[in-house]
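Chains as they are written, first to last, in our numbering: chain R, 1 to 363; chain B, 364 to 668.
Using N, Cα and C, we set each Cβ at its ideal position, and we do this for glycine too.
Have a look at the structure below before the remarks.
Below is the structure:
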């Protein structure tokens, strides 16, 4: 059923993309608002919490290495419970996709195309995602490689351009919020940042060529990604100051507005923000592939038959467009505090999978 | 709808905005709201004010289009901050930050339109006869009771030295009958607090070189150099003292002392519930520690001593 092969580096790059998928417009404004300038302490706590979730992820990945997550669940659970849990997981992934995609369209709609009806923006943005979702994981792994190279180049350029605007005084006071706010910020960051990596369980471990290097590559990617997030937050807070950063839904974009190189290269934030577009589009596409594989498994559709395998996902994507365009048209200026509601949806699969992973039976 | 020109107004290219004193006193909140909400606006354009001219006249003045870059307003302001230390280029980002932060108030560069009596010909840009020009007169800040505090040159210099806004400023000090001018090579000011005793020390370290020397002291004599250093540090101390005194007299912390305390010793004052300007600023006693390092021109090795 799963006849593709990817290497551990590609796997880690997909991991990197998914890690960063919900940061912009969702996690950053929330944690900046909650933790204020204590955000660096919050990121430290989140890093440790994240390692714990990665440990669970690796534990699930290593068990029954020839099976993907749905096959693993089928193997372990009674059929009825397996179907219920699989549907719940698919629903959570669908909500996750909805969340990150609407943030992207909201961003484009509110920052660039304020007078264009949002539905046109959504339709244009969904097309490459739909096209991406028609391919298999191996193709997506190549897209992830490109996305990471592209995003990393932009990140390096953006950060070096912002260095001259950094004011370390803006980082003070280092402790300016209570422990409750810090904990909320840490937990939300961990959930939004780490839980999307559970989508990678759709790839059976045996489909990764050099899977002996997998743990090492994942830890390195996680460490690297955490450093990048730390630098992004550092740039936002030190350049804008926490008060200005809290005013905006997309502080990552606003900070890029301050770039001015040699007094003549300015107003380039619209180009620089493409790094987020690439990451979010990839993650949405990957989530659709996850749903496609999951649904095909649940409906017993033979995955090898090309004509059949994409039918389900096209139906799901049409449903997705209807929800985005009709049910959520007014969600343009989502108050960032409301993002907390997505946590339930995001947390659910992680909680279920974690419980299963720790079950003796599963070992 | 603009019927006079086909050109589209691009808000992302704004270089400066002139806020009338009435707007600053009564509607600054709305301006800040607009700056925050308009997604096309950059955060790096300058904010200016004018207390004695009409903003509309300043904006309709054609000196901006003159081939002479010295008439370009944003250039004048940036230059006067960096080269002379007597102005301050307040960006929209700083306006927002100072407005939202605790213990700091906004200081605006104050511009003035010098109007000639002769009438200008401005119908055609190519044939225009530009007589009027805009100049920066001082820095101004507005208290909550709408009173304008104008900072003189010394106060503006002190303000810029305290806030590390100076790069290569020219400072003049008198020595007996004549005077000497220096150019700062590096200026670094730190605030050191001893809040148990309600004391803050303003410690400035300036590397300077003499660019004009009219004093009678012999520059090759070490004692004379010490005297020159003392003269310069006294001059700078006087500027900083005046700046602090103006803030204390008016009970208006435009320098950002409160902001320093909030960031470094938050528990000292309840910024959220108390008024720092009224209840905090005047309790602080200031000490000054000004250190001047003299460098000879073109000498990369260091101090001329």
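Under a CB-based cut-off of 8 Å, is residue i close to chain R?
i	result
residue 399/B	yes
residue 456/B	yes
residue 678/B	The question about residue 678/B has no answer here: the residues shown for chain B are numbered 364 through 668.
residue 535/B	no
residue 552/B	no
residue 504/B	no
Per DSSP, what kind of secondary structure is residue i in: helix, strand or coil?
i	result
residue 216/R	helix
residue 477/B	strand
residue 665/B	Unreliable positioning characterises residue 665/B in this predicted model, as indicated by a pLDDT of 45, which lies under 50. A coordinate reading is not provided.
residue 592/B	helix
residue 470/B	coil
residue 522/B	helix
residue 705/B	In the structure as shown, chain B starts at 364 and stops at 668, and residue 705/B therefore has no counterpart that could be examined.
residue 138/R	helix
residue 179/R	helix
residue 374/B	helix
residue 631/B	helix
residue 172/R	coil
residue 149/R	helix
residue 334/R	Because residue 334/R carries a pLDDT of 45, less than 50, the predicted location of this residue cannot be relied on, and no value is offered for it.
In chain R, which residues lie with their C-beta within 7 Å of the C-beta of residue i?
i	result
residue 626/B	169, 172 and 173
For residue i and residue j, what's the separation of their Cα atoms in angstroms?
i	j	result
residue 639/B	residue 621/B	7 Å
residue 67/R	residue 206/R	8 Å
residue 106/R	residue 225/R	25 Å
residue 75/R	residue 60/R	13 Å
residue 84/R	residue 300/R	15 Å
residue 436/B	residue 156/R	34 Å
residue 102/R	residue 547/B	53 Å
residue 512/B	residue 385/B	14 Å
residue 72/R	residue 401/B	51 Å
residue 248/R	residue 242/R	11 Å
residue 142/R	residue 200/R	15 Å
residue 606/B	residue 617/B	9 Å
residue 282/R	residue 166/R	31 Å
residue 3/R	residue 62/R	18 Å
residue 231/R	residue 160/R	11 Å
residue 115/R	residue 57/R	43 Å
residue 380/B	residue 113/R	25 Å
residue 6/R	residue 285/R	17 Å
residue 252/R	residue 578/B	54 Å
residue 133/R	residue 287/R	8 Å
residue 54/R	residue 202/R	15 Å
Between residue i and chain B, is the shortest Cβ-Cβ distance under 8 Å, so that the two count as touching?
i	result
residue 71/R	no
residue 66/R	no
residue 335/R	In this predicted model, residue 335/R has a pLDDT of only 48, less than 50, meaning its place in the structure is not dependable enough to derive any value.
residue 254/R	yes
residue 241/R	yes
residue 332/R	A caution first: residue 332/R carries a pLDDT of 45, below 50, which makes its placement in the model unreliable, though a value can still be read off. Chain B contact via Cβ: absent.
residue 236/R	no
residue 268/R	no
residue 124/R	no
residue 244/R	yes
With respect to the beta strand (DSSP E) encompassing residue i, which residues constitute its N-terminal and C-terminal limits?
i	result
residue 207/R	Unbroken run through residue 207/R: none, as it is neither H nor E.
residue 568/B	562-576
residue 544/B	541-557
residue 253/R	Not the beta strand (DSSP E): residue 253/R falls in the alpha helix (DSSP H), residues 251-256.
residue 277/R	Looking at the DSSP string, residue 277/R is not in any beta strand (DSSP E); the run it does join, the alpha helix (DSSP H), is 274-298.
residue 511/B	511-514
residue 396/B	Per DSSP, residue 396/B belongs to no beta strand (DSSP E); it is in the alpha helix (DSSP H), 384-400.
residue 500/B	496-505
residue 312/R	Element bounds for residue 312/R: not the beta strand (DSSP E) but the alpha helix (DSSP H), 311-322.
Report the neighbours of residue i on chain B: residues whose CB is nearer than 8 Å to its CB, in chain order.
i	result
residue 247/R	399, 459 and 463
Grab the span of the alpha helix (DSSP H) containing residue i for me, first residue to last.
i	result
residue 99/R	79-111
residue 39/R	39-62
residue 243/R	242-245
residue 537/B	First-last for residue 537/B: 533-538, but that is the beta strand (DSSP E), not the alpha helix (DSSP H).
residue 121/R	118-133
residue 410/B	Segment 409-413 is the beta strand (DSSP E) holding residue 410/B; no alpha helix (DSSP H) there.
residue 374/R	Given a span of 1 to 363 for chain R in the structure shown, any question on residue 374/R remains unanswerable.
Which residues in chain B sit within 7 Å of residue i, going by Cβ to Cβ distance?
i	result
residue 258/R	406, 407 and 456
Which chain R residues are close to residue i, counting only those with a beta carbon under 8 Å from its beta carbon?
i	result
residue 586/B	By Cβ distance, chain R contributes nothing, its closest Cβ being about 39 Å from residue 586/B, past 8 Å.
residue 629/B	173 and 176
Starting from residue i, find everything on chain B with Cβ-Cβ shorter than 9 Å and list it in chain order.
i	result
residue 111/R	402 and 403
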